[in-house]
């Protein structure tokens with residue numbers, strides 16, 4: 043049982059390049075989330091998808107786009123990477139029901155030069 | 208929206224002593240309060256959670272208490288061990304709606320052998 047799987051684990055980009063972070067869960071969860079984590083800043087929500095077919099902005103959405111491809115997959119796209127987007131990115135999922143437990147992927151460490 | 212505040216930001220204790228981390232929340236509709244432990248370079252992992260219909264929950268050396276009236280909840284770790292050293296995050300959400308999880312900014316706990 044893989045849980046929440048993120049790819050890639052590490053990525054180095056040049057300013058202005060684009061890339062997509064992939065996330066997939068195999069727990070049949072309704073809700074999926076993208077967070078970024080910077081030193082001393084905790085976990086900040088970028089976008090989330092409460093259910094398949096819906097997406098909503100979180101606290102720090104600027105510079106990002108998301109796609110809920112199907113129930114399993116939720117991708118995060120950086121169209122034109124900036125050094126300020128250097129961070130560790132975590133994908134998470136939860137059932138979206140009363141049970142509500144949120145599970146995290148292993149993270150993607152992104153550096154933008 | 209919800210606002211979760213967490214204190215202290217850093218905490219050092221001697222091995223065997225107890226550690227207490229406190230969080231407050233603002234939205235009285237929040238009904239699910241998980242705690243996550245994040246070891247260096249790893250993903251956040253759920254260690255204990257509590258729902259609004261319960262005042263206290265215990266799991267071996269860790270316990271969580273909830274005061275709905277005052278809108279605060281606390282994590283208690285007894286008989287601390289070096290392997291308890293990590294960053295701990297509290298969170299609040301309204302479960303069963305696919306809503307956002309609102310995280311505190313984290314507490315870095317160091318257990319000194």
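Chains as they are written, first to last, in my numbering: chain A, 43 to 155; chain B, 208 to 320.
We treat Cβ as the ideally placed atom computed from N, Cα and C, and that holds for glycine.
Unbroken beta strand (DSSP E) run spanning residue 218 of chain B, endpoints: For this step, residue 218 of chain B is matched to residue 11 along the second chain. Note, residue 218 of chain B: beta strand (DSSP E), 217-221.
Would you say residue 143 of chain A reaches chain B, if we count a Cβ-Cβ gap shorter than 8 Å as a contact? Indexing the first chain from 1 puts residue 143 of chain A at position 101. With 8 Å as the cut-off, residue 143 of chain A counts as an interface residue toward chain B.
Residues that residue 274 of chain B bridges to, as DSSP identifies them: Translated into positions along the second chain, residue 274 of chain B becomes position 67. Partner(s): B:279.
Indicate whether at least one CB of chain A lies closer than 8 Å to the CB of residue 310 of chain B. Locating residue 310 of chain B in the second chain gives position 103, counting from the first residue. Taking Cβ atoms only, chain A reaches closer than 8 Å to residue 310 of chain B, which makes this a yes.
Hey, quick one: how far does the beta strand (DSSP E) through residue 118 of chain A stretch, first residue to last? Within the first chain, numbered from 1, the residue matching residue 118 of chain A stands at position 76. 116-120 is the span of the beta strand (DSSP E), which, as asked, contains residue 118 of chain A.
By alpha-carbon positions, which one of A:58, A:91, A:64 ends up nearest to residue 73 of chain A? For the purposes of this step, residue 73 of chain A is identified with residue 31 of the first chain, where counting begins at 1. With distances taken between CA atoms, residue 73 of chain A lies nearest to A:91 out of A:58, A:91, A:64.
Find the nearest neighbour of residue 147 of chain A within the set A:57, A:106, A:77, A:137, judged by alpha-carbon distance. The sequence position of residue 147 of chain A within the first chain is 105, counting from 1. Residue A:77 is the option with its Cα nearest to residue 147 of chain A.
Mind checking if residue 302 of chain B is an interface residue toward chain A, Cβ cutoff 8 Å exclusive? Numbered from its first residue, the second chain carries residue 302 of chain B at position 95. So yes, residue 302 of chain B belongs to the interface.
Using 8 Å as the limit for Cβ to Cβ distance, is residue 295 of chain B near chain A? Counted from its first residue, the second chain places residue 295 of chain B at position 88. No, because no Cβ of chain A sits closer than 8 Å to the Cβ of residue 295 of chain B.
Cα-Cα separation between residue 132 of chain A and residue 302 of chain B, rounded to whole angstroms: For this step, residue 132 of chain A is matched to residue 90 along the first chain. For this step, residue 302 of chain B is matched to residue 95 along the second chain. Going from the Cα of residue 132 of chain A to the Cα of residue 302 of chain B covers about 20 Å.
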